[in-house]
Amino acid sequence: MVKEINDKVFDRFPVLESERLLFRAFELGDAPGFFALRSDERVMQFMDSVWHRSLSDSEAKIKEILEDFKAKKGINWVIEEKNSNKFAGYFCFWKLDRHNRRAEIGYSLLPEYWGKGYMTETLQLLLDFGFEEMAIHSMEANVNSKNVPSIKLLLKLGFQKEAHFRENYFFEGKFLDSEIFCLLTSDWNK
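Residue numbering for the sequence shown follows my numbering, beginning at 9 and increasing consecutively.
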């Protein structure tokens with residue numbers, strides 16, 4: 009039995025693709041698209057994390073993302089639309105718990121790509137990668153309890169709700185609820 013998350017995936021960045029999307033490493037040239045995403049009120053209303061106030065905020069975060077990959081702390085993919093070669097969003101595995109083979113996922117799309125099935129396509133491919141290539145046993149998603157579209161997506165893909173935390177974190181002057189969803193290898197392989 010595998011004892012820990014497979015770190016070999018960090019030897020070289022895993023570029024992946026699906027029918028309509030390319031999943032590649034962040035580059036500094038992605039800063040304008042990343043800034044558009046992380047400064048859009050429609051996107052950020054449920055993200056509960058720091059907004060990007062300038063292009064330099066996005067550039068700094070990209071540098072941090074690249075360093076995290078080198079340090080084997082997480083993998084962040086740019087989601088790029090193949091037809092247009094445009095930045096559409098991102099997906100990440102982070103908060104890696106190597107011993108328990110658990111990872112948290114994060115994802116977001118620019119609003120112009122909503123409703124096209126891109127995030128379903130993304131999660132199907134990248135969850136498979138996480139289970140098969142990284143030997144992750146359980147995937148966790150920590151979701152703002154008001155983010156109904158994200159919750160529906162997770163449930164559609166077989167995630168189960170593990171917890172509802174009432175006012176468990178303080179952000180921008182108020183306490184917020186969050187919900188934890190989990191998908192196990194055994195659930196994914198059904």
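All residues carry an ideal CB built from backbone N, CA and C; glycine is no exception.
{"Query": "Nearest candidate by alpha-carbon position, reference Lys-182, set Leu-117, Glu-35, Ser-57 and Phe-34", "Result": "Ser-57"}
{"Query": "Cutoff 6 Å; reference Lys-80; Cβ partners in own chain excluding five residues on either side", "Result": "Asp-15 and Phe-18"}
{"Query": "Beta-carbon gap between Arg-110 and Ile-144 smaller than 8 Å", "Result": "yes"}
{"Query": "Per-residue DSSP class, three states only, for Gly-114", "Result": "strand"}
{"Query": "Neighbourhood of Phe-21 by C-beta, 6 Å cutoff - its chain only, sequence neighbours within 5 removed", "Result": "Ala-33"}
{"Query": "Integer-rounded CB distance, given that Leu-134 should sit under 8 Å from Trp-85", "Result": "7 Å"}
{"Query": "Exposure label - His-60; buried when at least 16 CB within 10 Å", "Result": "buried"}
{"Query": "DSSP state of Ser-146 mapped onto helix, strand, coil", "Result": "strand"}
{"Query": "Check: Ala-111 C-beta below 7 Å from any heavy atom of the ligand GTP", "Result": "Because no ligand of any kind appears in the structure shown, any question about the ligand GTP cannot be addressed here."}
{"Query": "Range of the contiguous alpha helix (DSSP H) that encloses Lys-124", "Result": "Looking at the DSSP string, Lys-124 is not in any alpha helix (DSSP H), and its letter there is neither H nor E."}
{"Query": "Status (buried if at least 16 other CB within 10 Å, exposed otherwise) for Ala-68", "Result": "exposed"}
{"Query": "Length of the line joining the Cα atoms of Asp-48 and Met-9", "Result": "44 Å"}
{"Query": "Under the three-state DSSP convention, the category Asp-15 falls into", "Result": "helix"}
{"Query": "Nearest candidate by alpha-carbon position, reference Met-52, set Leu-192, Phe-179, Asp-195 and Thr-193", "Result": "Phe-179"}
{"Query": "Helix, strand or coil at Phe-54 [DSSP, three-state]", "Result": "coil"}
{"Query": "Ala-39 (DSSP reduced to helix, strand or coil)", "Result": "helix"}
{"Query": "Beta-carbon spacing of Arg-50, Pro-119 below 8 Å", "Result": "yes"}
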